[in-house]
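> Each position in the sequence shown, counted from 1, maps to that position plus 105 in the working numbering.
Pasting in a structure now, in structure tokens, and then I'll have a few things to ask.
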Amino acid sequence: MYRQVLDLYATSADYNPTSAESIAFFKMVQNKFHFAAHGNTAAEVIYNRVDSEKPFMGLKSFSGELPVRADVIIAKNYLNENELKILNNLVSAYFDIAEVAALEHRLMYMHDYVQQLDQVISAAGKCVLNNSGKVTHKQAVDKALEEYRKYQVNTLSPVEKAYLETIKQIESKSSNAARKSRVKKKF
């Protein structure tokens, strides 16, 4: 989804992928989508939902059997199914409208795309984000990584679980063998 957003903005007449303005612009657009879908910016959803005491740290999706460091700093991973569907539908609606402009070869600037996005969000009956939110990206990442460290201490990896299971099996076999040995000695 975010790759599509980036590809769309790359078509704007004033887009420069290395400029600070373009990077800030892209973050703003991501936050507008997130805010419309669930009422939080990307940083806010991470900051508010990451918790080492919750199952899987509060993540609803992650890359493997257990969350890894990279998973905990992606806002989309904290969204429930309904929030994710709303987010995807908003992005899809926005792209459908943006594609019309592209098909008509309309010259678009970044501010035009933002206005268009705000209109799509409003038409969907959602609130439009007009600021950068209450939590910075750095604050969210710092908290997520701290919670991840706590989570790692309390969570066994698959290798550690397998090792402990092997030890239990060995202990069980050893106990059974000792019992059988005692039973044989009595008779």
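Note that the Cβ used here is the ideal one computed from N, Cα and C, for glycine as well.
This one's a predicted model, so the numbers in the text were calculated from it and none came from an experiment.
Write down the C-beta distance between Lys165 and Asn185 rounded to the nearest angstrom, noting that I regard them as a contact closer than 8 Å.
Their Cβ separation, rounded to whole angstroms, is 6 Å, which keeps Lys165 and Asn185 in contact under 8 Å.
> Taking C-beta to C-beta, are Asn136 and Ser227 nearer than 9 Å?
Cβ atoms of Asn136 and Ser227: not closer than 9 Å.
> Check Thr271 in the structure and name its three-state DSSP category.
Helix, per DSSP.
> State yes or no: is the C-beta of Val258 within less than 9 Å of the C-beta of Val196?
No, these two residues do not count as a Cβ contact at 9 Å.
> Let's test the definition: count the other Cβ atoms within 10 Å of the Cβ of Asp201 and tell me whether it reaches 16, buried, or not, exposed.
It is exposed - the Cβ of Asp201 has fewer than 16 other Cβ atoms within 10 Å.
> Name the residue from Val240, Leu192 and Ile178 whose alpha carbon lies nearest to the alpha carbon of Leu222.
Ranking Val240, Leu192 and Ile178 by Cα distance to Leu222 puts Leu192 first.
> Here's a check: name, in chain order, each residue in its chain whose Cβ is nearer than 7 Å to the Cβ of Ala180, leaving out the five neighbours to either side.
If we look at Ala180 and ignore the five residues flanking it on each side, its Cβ neighbours are His139, Ala147, Val150 and Ile151.
> Hey, could you find the ends of the alpha helix (DSSP H) His242 is sitting in?
Its alpha helix (DSSP H) spans residues His242 to Asn259.
> Grouping DSSP H, G and I as helix and E and B as strand, with all else coil, what is His139?
His139 falls in the helix class under three-state DSSP.
> Specify, as a first and last residue, the run of the alpha helix (DSSP H) that Leu208 falls within.
First-last of the alpha helix (DSSP H) with Leu208: Glu186 to Leu208.
> I need the straight-line Cα distance from Val225 to Ala118, nearest angstrom please.
Distance between the alpha carbons of Val225 and Ala118: 21 Å.
> Following the continuous alpha helix (DSSP H) through Ala228, name the residue where it begins and the one where it ends.
Run containing Ala228: Met215 to Ala228, per the alpha helix (DSSP H) assignment.
> Where does Ala207 land, buried or exposed, given buried means 16+ other C-beta within 10 angstroms?
It counts as exposed.
> Take Ser157 and list the residues in its own chain whose beta-carbon comes closer than 6 Å to its own, dropping the five residues that flank it on each side.
Here the set comprises Glu252, Lys255 and Tyr256.
> With DSSP collapsed to three states, give me the class of Gly102.
The requested residue 102 is not part of the displayed model; the chain covers only 106 to 292.
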